[in-house]
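Asks: Sending over a structure as structure tokens; questions will come in a sec.
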Ligand code: AMP
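Residue numbers (my numbering): 692 to 883.
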């Protein structure tokens, strides 16, 4: 069976992490969240976590080499056989290209990009109200992450727009369950 690979794309606070977790559990895929992987490294005080911390605390992107290396390591684990949902990755053109290469090595390809559309004002409100206690959910860092998302979008989405039908957009300014119905339908149609 060929694995199914999906990217969840959207601004911080759009709910892609929550949706990825739920969809991965229901459909037997693994969730690969680079933000969560970095936070895990940080809490375990690994060398990679220490390297990443200086960037994360400022809301800056961790360099491609470190990020791609971490994803490569994650994808080498056996639970990825059925496929994965990437959330928070890729965020640069180099990461998008590297992801294609990594998936090719695994005998698969990117099957779907789910684009979570959310106005920046709503994104800001959600991040300011978030109670997860994340070190980067501070007002000044939030502003930077929101502004940087426009750059991330300009780096990544043109690369995927070249492939007809790859991107499916959904309205992320709705209740979690309503969004999940769309997510589930899109994923079910993409599963091999
Ligand atoms: P997130 O949980 O996706 O909002 O990510 C939290 C932080 O981790 C980001 O602000 C970055 O510092 C770092 N990070 C997560 N994913 C990436 C990525 N794909 N490339 C570079 N840095 C990342």
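Heads up, the beta-carbon is just placed ideally off N, CA and C, and yes, glycines get one too.
For residue 778, does the count of other Cβ atoms within 10 angstroms reach 16, so buried, or fall short, so exposed?
Replies: Counted from its first residue, the chain shown places residue 778 at position 87. Buried: at least 16 other Cβ atoms inside 10 Å.
Asks: Please return the same chain residues whose Cβ sits closer than 6 Å to the Cβ of residue 766, not counting the five positions on each side in sequence.
Replies: Residue numbering aside, residue 766 sits at position 75 when the chain shown is read from its first letter. Once the five neighbours on either side are set aside, the close Cβ partners of residue 766 are 793.
Asks: For the stretch 798-818 against the stretch 719-726, do three or more pairs of beta-carbon atoms, one drawn from each stretch, fall closer than 8 Å, so that the two count as touching?
Replies: no
Asks: Per DSSP, which one or two residues make a beta bridge with residue 861?
Replies: For the purposes of this step, residue 861 is identified with residue 170 of the chain shown, where counting begins at 1. 807.
Asks: Under 8 Å: does the beta carbon of residue 725 sit that close to some heavy atom of the ligand AMP?
Replies: Residue numbering aside, residue 725 sits at position 34 when the chain shown is read from its first letter. True, at least one ligand heavy atom lies under 8 Å from that Cβ.
Asks: Measuring straight from C-alpha to C-alpha, what distance separates residue 741 and residue 732?
Replies: Mapped onto the chain shown, residue 741 falls at position 50. Mapped onto the chain shown, residue 732 falls at position 41. Going by C-alpha positions, residue 741 is about 8 Å away from residue 732.
Asks: Which residue or residues does DSSP assign as beta-bridge partners of residue 695?
Replies: Within the chain shown, residue 695 is the residue found at index 4, counting from 1. 774.
Asks: DSSP three-state call for residue 720: helix, strand or coil?
Replies: Translated into positions along the chain shown, residue 720 becomes position 29. In the structure shown, residue 720 sits in coil (DSSP, three-state: anything other than H, G, I, E or B).
Asks: Taking 8 Å as the cut-off, is the beta-carbon of residue 782 closer than that to any non-hydrogen atom of the ligand AMP?
Replies: The residue you call residue 782 lines up with position 91 of the chain shown. Yes, Cβ of residue 782 sits closer than 8 Å to a heavy atom of the ligand AMP.
Asks: From the DSSP output, in three-state form, read off residue 766 for me.
Replies: Here residue 766 is taken as the residue at index 75 of the chain shown, counted from 1. The answer is helix: DSSP assigns residue 766 an H, G or I state.
Asks: Alpha carbons only, please: which of 707, 856, 830, 696 is nearest the one belonging to residue 726?
Replies: Here the question's residue 726 lines up with position 35 in the chain shown. The residue with the shortest Cα to Cα distance from residue 726 is 707.
Asks: Cutting at 8 Å between CB atoms, please list the residues of its own chain near residue 783, excluding the five before and the five after it.
Replies: Locating residue 783 in the chain shown gives position 92, counting from the first residue. Correct list, in chain order: 752, 755, 843, 846, 847.
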